[in-house]
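A.B. asks: A single structure is presented below for examination.
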Amino acid sequence: MLGARAVVEVSASYSLSDIDAVRLELPDTPIDVRGVPEQSTLELRGRWYSTGGSESIAVENSEAPRLDFEVSGRFARLAAVLPLAERELVDLEVDEVTLAPNRDLEIWTGLGDIVVTHMQGNISIDIERGTIYVVGGAGGVAARTTLGDVEIHSPGPIDVSTGQGDLLLLQDGPGGNPIYARSDSGDIEVTLRSAQNLHLKITAYEDIRVQTSSVSTVTSESFERTVGNGTVDIFLEARIGSVTVLHDEFGDG
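The number in my numbering is simply the position in the sequence shown, starting from 1, with 902 added.
So, in structure tokens, the structure goes:
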């Protein structure tokens, strides 16, 4: 019988000297990542929660897992190492991760909401269940969740999908970044900063609404239109849901 709980605070710091890309590969946990200018390390704050048949056993279980920072060339991977016997007894909860904003970032976890802000490199997020919120990612943002809403504000290319959830996507900066988005069950809303040189290709089970300076339509099922030289792909698919495309040339995203 597991009648006791223990908590161990985690505060870890790792050098990012000569590191261009970082992967966070962690067990189920919410993760909040923030870029901090001129920070030369990766800092993580959180805690291990554990259970046991007694307080001493719970404490012992909480001391079993560890974080492993592995470097290969200019790539680093931060992972949690949990002994097999304690995997069902220990949980990790991450408060915040901070690092220099010019690094590329990957996040892998199972269950947990993800927030990433002030990162300038490429951002890749792959989770099973949870919401995703990203502001930044000039190098591009790729996000996948099986169950959860996704909101992305980015000046870079956006490639996002959810099995069940709504997608809210906003071009940041001058616009002109391509957007590829799919929701198997949910609505998609895209706000463009630039309505020039678009290749719009949209499918939706419900309504399709496009309201830009160059295209205005309300239809259903499918819609395709090329504007200018058509070099900016806006490919959207809502298998069970609606799609809305707006144009906000002067907004803040």
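Using N, Cα and C, we set each Cβ at its ideal position, and we do this for glycine too.
If you reduce the DSSP assignment to three classes, tell me which class residue 1062 lands in.
C.D. replies: In the sequence shown, the residue the question calls residue 1062 occupies position 160. Strand.
A.B. asks: Under a three-way DSSP split, which group does residue 947 fall into?
C.D. replies: Here residue 947 is taken as the residue at index 45 of the sequence shown, counted from 1. In this structure, residue 947 counts as strand in the three-state DSSP scheme.
A.B. asks: With 16 as the cutoff for other CB atoms within 10 Å, does residue 1073 come out buried or exposed?
C.D. replies: Stepping through the sequence shown from its first residue, residue 1073 is reached at position 171. Looking at its Cβ environment, which holds 16 or more other Cβ atoms inside 10 Å, residue 1073 is buried.
A.B. asks: Please report the residue range of the beta strand (DSSP E) in which residue 1045 lies.
C.D. replies: Counting from 1 along the sequence shown, the entry for residue 1045 is found at position 143. Here the beta strand (DSSP E) through residue 1045 covers 1043–1049.
A.B. asks: Jot down the residue ranges of each uninterrupted beta strand (DSSP E) in the region 984–1030, minimum 3 residues, whole runs only, in chain order.
C.D. replies: For the region 984–1030, whole beta strand (DSSP E) runs of length 3 or above, ordered along the chain, are 992–1001, 1006–1013, 1016–1021.
A.B. asks: Taking just the CA atoms, how far does residue 935 sit from residue 941?
C.D. replies: What you label residue 941 is simply residue 39 of the sequence shown in a count that begins at 1. What you label residue 935 is simply residue 33 of the sequence shown in a count that begins at 1. Each residue's alpha carbon lies about 13 Å from the other.
A.B. asks: Do residue 1087 and residue 1031 have their CB atoms nearer than 8 Å?
C.D. replies: For the purposes of this step, residue 1087 is taken as the residue at position 185 of the sequence shown. For the purposes of this step, residue 1031 is taken as the residue at position 129 of the sequence shown. Not in contact: residue 1087 and residue 1031 (Cβ atoms no closer than 8 Å).
A.B. asks: Give the DSSP-derived three-state secondary structure of residue 974 in the structure shown.
C.D. replies: As a working note, residue 974 is residue 72 in the sequence shown. Strand at residue 974.
A.B. asks: Is residue 1069 near residue 1056, with beta carbons less than 8 Å apart?
C.D. replies: One-based indexing of the sequence shown puts residue 1069 at position 167. One-based indexing of the sequence shown puts residue 1056 at position 154. No, they are not a contact pair.
A.B. asks: Please confirm if the region 1145–1152 is in contact with the region 1111–1131, defined as three or more CB-CB distances below 8 Å between the two stretches.
C.D. replies: Judged by Cβ distances under 8 Å, the region 1145–1152 makes contact with the region 1111–1131, as three or more pairs qualify.
A.B. asks: If we ignore side chains and look at the alpha-carbon of each, how far apart do residue 1012 and residue 906 end up?
C.D. replies: Your numbering for residue 1012 matches position 110 in the sequence shown. Your numbering for residue 906 matches position 4 in the sequence shown. Approximately 25 Å between the Cα atoms of the pair.
A.B. asks: Three-state secondary structure (DSSP) at residue 1148?
C.D. replies: Here residue 1148 corresponds to residue number 246 of the sequence shown, with the count starting at 1. Correct three-state label for residue 1148: strand.
A.B. asks: Grouping DSSP H, G and I as helix and E and B as strand, with all else coil, what is residue 1141?
C.D. replies: Position 239 of the sequence shown, counting from 1, holds the residue named residue 1141. Three-state result, residue 1141: coil.
A.B. asks: Who are the Cβ neighbours of residue 981 in its own chain at under 6 Å, not counting the five residues just before and after it?
C.D. replies: Your numbering for residue 981 matches position 79 in the sequence shown. Answer for residue 981: 927, 970, listed in chain order.
A.B. asks: Between residue 1155 and residue 1053, what straight-line distance do the alpha-carbon atoms span, to the nearest angstrom?
C.D. replies: Taking the first residue of the sequence shown as 1, we reach residue 1155 at position 253. Taking the first residue of the sequence shown as 1, we reach residue 1053 at position 151. Because the pLDDT of residue 1155 is 37, which lies under 50, any placement of that residue in the model is unreliable, and the number read from its coordinates should be weighed accordingly. Cα-Cα distance, rounded: 11 Å.
A.B. asks: With DSSP as the reference, label residue 1093 as helix, strand or coil.
C.D. replies: The residue given as residue 1093 occupies position 191 in the sequence shown. Correct three-state label for residue 1093: strand.
A.B. asks: Residue 1034 and residue 1050 look like a contact to me (Cβ under 8 Å); what is the Cβ gap, rounded to whole Å?
C.D. replies: Sequence index remark: in the sequence shown, residue 1034 carries index 132 (1-based). Sequence index remark: in the sequence shown, residue 1050 carries index 148 (1-based). The pair is a contact, with the Cβ atoms about 6 Å apart (cut-off 8 Å).
A.B. asks: Could you name the residues of the same chain whose beta carbon sits closer than 6 Å to that of residue 917, not counting the 5 residues immediately before and after it, in chain order?
C.D. replies: As a first step, residue 917 must be located in the sequence shown, where it is residue number 15. 943, listed in sequence order.
A.B. asks: Between residue 1021 and residue 937, which are expected to be in contact by the criterion C-beta below 8 Å, what is the C-beta distance as a whole number of angstroms?
C.D. replies: Taking the sequence shown and counting its residues from 1, one reaches residue 1021 at position 119. Taking the sequence shown and counting its residues from 1, one reaches residue 937 at position 35. Between residue 937 and residue 1021 the Cβ distance is about 4 Å, and since that is below 8 Å, they are a contact.
A.B. asks: Have a look at residue 1225 and residue 1139 and give me their C-alpha separation to the nearest angstrom.
C.D. replies: Because residue 1225 is not part of the residues shown, which for the chain are 903 to 1155, the question remains open.
A.B. asks: Confirm, please, whether the CB-CB distance from residue 1104 to residue 1081 is below 8 Å.
C.D. replies: For the purposes of this step, residue 1081 is taken as the residue at position 179 of the sequence shown. For the purposes of this step, residue 1104 is taken as the residue at position 202 of the sequence shown. No. Outside cutoff.
A.B. asks: Report the rounded CA-to-CA distance for residue 1128 versus residue 1098, giving the unit in angstroms.
C.D. replies: On the sequence shown, residue 1128 is found 226 positions in, with the first residue counted as 1. On the sequence shown, residue 1098 is found 196 positions in, with the first residue counted as 1. Their Cα atoms are separated by approximately 9 Å.
A.B. asks: Using a Cβ-Cβ cutoff of less than 6 Å, which residues in the same chain neighbour residue 1045 once the five nearest sequence positions on both sides are dropped?
C.D. replies: The sequence position of residue 1045 within the sequence shown is 143, counting from 1. If we look at residue 1045 and ignore the five residues flanking it on each side, its Cβ neighbours are 1027, 1034, 1052, 1062.
A.B. asks: Measure the alpha-carbon distance for residue 1076 versus residue 1095 and round it to whole angstroms.
C.D. replies: Here the question's residue 1076 lines up with position 174 in the sequence shown. Here the question's residue 1095 lines up with position 193 in the sequence shown. Looking at the two C-alpha atoms, the distance is approximately 6 Å.
A.B. asks: Of all the options 930, 1136, 996, 924, which has the alpha carbon lying nearest to the alpha carbon of residue 976?
C.D. replies: Indexing the sequence shown from 1 puts residue 976 at position 74. Of 930, 1136, 996, 924, the residue nearest in Cα terms is 924.
A.B. asks: Could you check what DSSP says for residue 1105 in three-state terms: helix, strand or coil?
C.D. replies: By one-based count along the sequence shown, residue 1105 stands at place 203. Reduced to three states, the DSSP call for residue 1105 is strand.
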